Amino acid sequence: MNGRAARHLILVGGGHAHLHTLRRLRELTGAGIAVTLVTPARHHYYSGMGPGMLGGLYTEEQVRIDVQRLAESGGGRCVIGEAAGLDPDCRLLRLTDGRELAYDALSLNAGSIVAGLVPALPGVYPVKPIANLARAVERLREAGCTAPPRLLVVGGGAAGVEIAGNGRRLLGDRGSVTIASAGPLLAPFPPLTRELVRASFDRRGIRMIEDAPVSGWTDGTAILADGRRIPFDVALISTGVKPPLLLESLGLPLAPDGSLSVNRFLQSTGSASVFGGGDCIAFEGAPLARVGVYAVRQGPLLHANLRAYLGGCPLAPFKPQKRFLQILNLGDGTGVLVRGKIVRHGTLPWLLKDLIDRRFVRSFQK
Ligand SMILES: Cc1cc2nc3c(=O)[nH]c(=O)nc-3n(C[C@H](O)[C@H](O)[C@H](O)COP(=O)(O)OP(=O)(O)OC[C@H]3O[C@@H](n4cnc5c(N)ncnc54)[C@H](O)[C@@H]3O)c2cc1C
Numbered sequence: 001m002n003g004r005a006a007r008h009l010i011l012v013g014g015g016h017a018h019l020h021t022l023r024r025l026r027e028l029t030g031a032g033i034a035v036t037l038v039t040p041a042r043h044h045y046y047s048g049m050g051p052g053m054l055g056g057l058y059t060e061e062q063v064r065i066d067v068q069r070l071a072e073s074g075g076g077r078c079v080i081g082e083a084a085g086l087d088p089d090c091r092l093l094r095l096t097d098g099r100e101l102a103y104d105a106l107s108l109n110a111g112s113i114v115a116g117l118v119p120a121l122p123g124v125y126p127v128k129p130i131a132n133l134a135r136a137v138e139r140l141r142e143a144g145c146t147a148p149p150r151l152l153v154v155g156g157g158a159a160g161v162e163i164a165g166n167g168r169r170l171l172g173d174r175g176s177v178t179i180a181s182a183g184p185l186l187a188p189f190p191p192l193t194r195e196l197v198r199a200s201f202d203r204r205g206i207r208m209i210e211d212a213p214v215s216g217w218t219d220g221t222a223i224l225a226d227g228r229r230i231p232f233d234v235a236l237i238s239t240g241v242k243p244p245l246l247l248e249s250l251g252l253p254l255a256p257d258g259s260l261s262v263n264r265f266l267q268s269t270g271s272a273s274v275f276g277g278g279d280c281i282a283f284e285g286a287p288l289a290r291v292g293v294y295a296v297r298q299g300p301l302l303h304a305n306l307r308a309y310l311g312g313c314p315l316a317p318f319k320p321q322k323r324f325l326q327i328l329n330l331g332d333g334t335g336v337l338v339r340g341k342i343v344r345h346g347t348l349p350w351l352l353k354d355l356i357d358r359r360f361v362r363s364f365q366k
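Residue numbering for the sequence shown follows the UniProt record's numbering, beginning at 1 and increasing consecutively.
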C-alpha cells in the first residue's frame, strides 16, 4: 500500500493494544483516514483490575473503558459486532452477522480465549472475557442467600491465584474457596513466589489442590483425575489462554499455536495491509508471553506504523523488552512483585499495582 493514499482503517477489537490508537484517533481521522472500530461490546474491561473487581476493590465502572466513546470522540465509527473472517486479497472483513467491510489497512487486536475445556454448565465461567467476573460475583451473592457460597478456581497460574485470593476477599469468612491446579501453583514463577502465595492462602483458609487436573464435570461438581469431587456454586476456569478461533478464518499465515504470524513491524507475514498486536500475534514467528504488558507496549508502535503505512512512510520495528514487572494482587491488601528473579511481598507492591492500574484506566476514561 505504501505509495498511494489510503482511505479506510479497520481496528478489530478495542483491547489493550488498540487503546493508544483509539485515544489518538484524531491524528488519523484528521489526516483524512476513515477509521472503524469493530468490537463485540462498547466497553473493554481492563484485565489487571479484573480480580480486584471480583474481590470488591473496584466497581465495574472503575475497570472498564468505553471504547465506543473513544472511537467516536476521535472522529471514528464504532460497529458493534464480531469479526468472522477476512479476504486479504480483496481487503474485505466479514462479520459474524454477514456484514462486510472494505479496508485499506486493518489492525487485529482480538485478544485470547481461555484454553482447555469450559463446560456449558450453570455457574461455570471462563475468566475471559473479564466481564464474566462480574457475572460470577452476582451468582455467588445469589448462592450466598441460602447457604455459604462455594467458589472453585480451576488453574494455578497468575490469573487463577489472583482470582482465588480475591474470591476469598469477596466471601469474607463465609463459604469456601478452592484452587485446583493441574501442576504446582505458579509453575513458571520463582519458587519464593509460590511459597509466599501458599502461606497467604493457608492463613486465609483457601484450599489448594495441586497436581490434580480436573477431568470431568457434572452439574455443580468438578471431578479431579484422582476421583475427588469438588462441589461449587461458581467455577472460574483460568487454564491459560490461546488465540481466538477467528484467526483460522483469516486466510493468513499463523504460528503453530494458531496466532497471527507478524514480522518485526507487527505486520502480517502474509498481507502487508494487516497488522496485529497483543495476545493474538506471534511476534517474528514466536508468541511473546501473553501479558497485557506487551499488548500495551505495542500500542504506540501499532499506532505509528498504521499511520506510516497509510501515509506511505517507512515502518518502525517493535523491540520487546526481555524482562517485565508483574505484581500479583493477593486480595488481602498485599501484592507479590516479580521481576526476573526479584520477588517482594507486602503492602507496597499492592499499593504500586493499584496506583499504576487506576492511573492507566483513568487516562482512557476522561
Ligand atoms: C484475570 C486476568 C488478569 C490478568 N492480569 C494481568 C495483569 O495484571 N498484567 C498483565 O500484564 N496481564 C494480565 N493479564 C493478561 C492480559 O489480560 C492479556 O495479556 C491482555 O488482555 C492482552 O491484551 P490484548 O490487547 O491482546 O487483548 P484484550 O485486551 O483481551 O482485547 C481483545 C479485544 O478483542 C475483542 N474481540 C475478541 N474477538 C473479537 C472479534 N471476533 N471481533 C472483534 N473484536 C473481538 C475483545 O472483545 C477484546 O476487547 C490478565 C489476564 C487475566 C485473564
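Even glycine gets a Cβ: it sits at the ideal position worked out from N, Cα and C. These numbers were taken from a predicted model, which means no experiment stands behind them.
Notebook entry, point to check: In its own chain, which residues sit with a C-beta less than 8 angstroms from the C-beta of Asn-305, not counting the 5 before and 5 after it?
Noted result: Phe-265, Leu-266, Gln-267, Phe-275, Leu-315 and Ala-316
Notebook entry, point to check: Can you name the start and end residues of the alpha helix (DSSP H) that Tyr-309 belongs to?
Noted result: 292-311
Note to self: So for Ala-17, helix, strand or coil by DSSP?
What the structure shows: helix
Checklist line | Integer-rounded CB distance, given that Gly-111 should sit under 8 angstroms from Gly-13 | finding: 6 angstroms
Next item on the list: Alpha carbon to alpha carbon, how far is Leu-337 from Phe-318? Give it in angstroms, no decimals.
Entry: 26 angstroms
Notebook entry, point to check: Rounded to a whole number of angstroms, what is the C-alpha to C-alpha distance between Gly-278 and Lys-322?
Noted result: 16 angstroms
Check: Which ranges does the beta strand (DSSP E) cover as unbroken runs of at least 3 residues, wholly within the region 9-79, from first to last along the chain?
Finding: 34-39, 43-45 and 64-66
Check: Across which residues does DSSP place Phe-275 in a beta bridge pair?
Finding: Ser-107 and Gln-267
Next item on the list: Would you mind giving the Cβ-Cβ distance between Pro-51 and Gly-331, rounded to the nearest angstrom? I have them listed as a contact below 8 angstroms.
Entry: 7 angstroms
Check: To the nearest angstrom, how far is it from the Cα of Gln-326 to the Cα of Leu-151?
Finding: 25 angstroms
Notebook entry, point to check: Does DSSP put Ser-200 in a helix, in a strand, or in coil?
Noted result: helix
Notebook entry, point to check: If you scan the region 151-225 from start to end, which runs of the alpha helix (DSSP H) of 4 or more residues do you find wholly inside it?
Noted result: 158-171 and 191-203
Next item on the list: Report the rounded CA-to-CA distance for Leu-250 versus Thr-269, giving the unit in angstroms.
Entry: 12 angstroms
Check: What is the DSSP secondary structure of Leu-250, reduced to helix, strand or coil?
Finding: coil
Checklist line | Same chain, Cβ closer than 6 angstroms to His-8, neighbours up to 5 away in sequence not counted | finding: Ala-34, Tyr-103 and Asp-104
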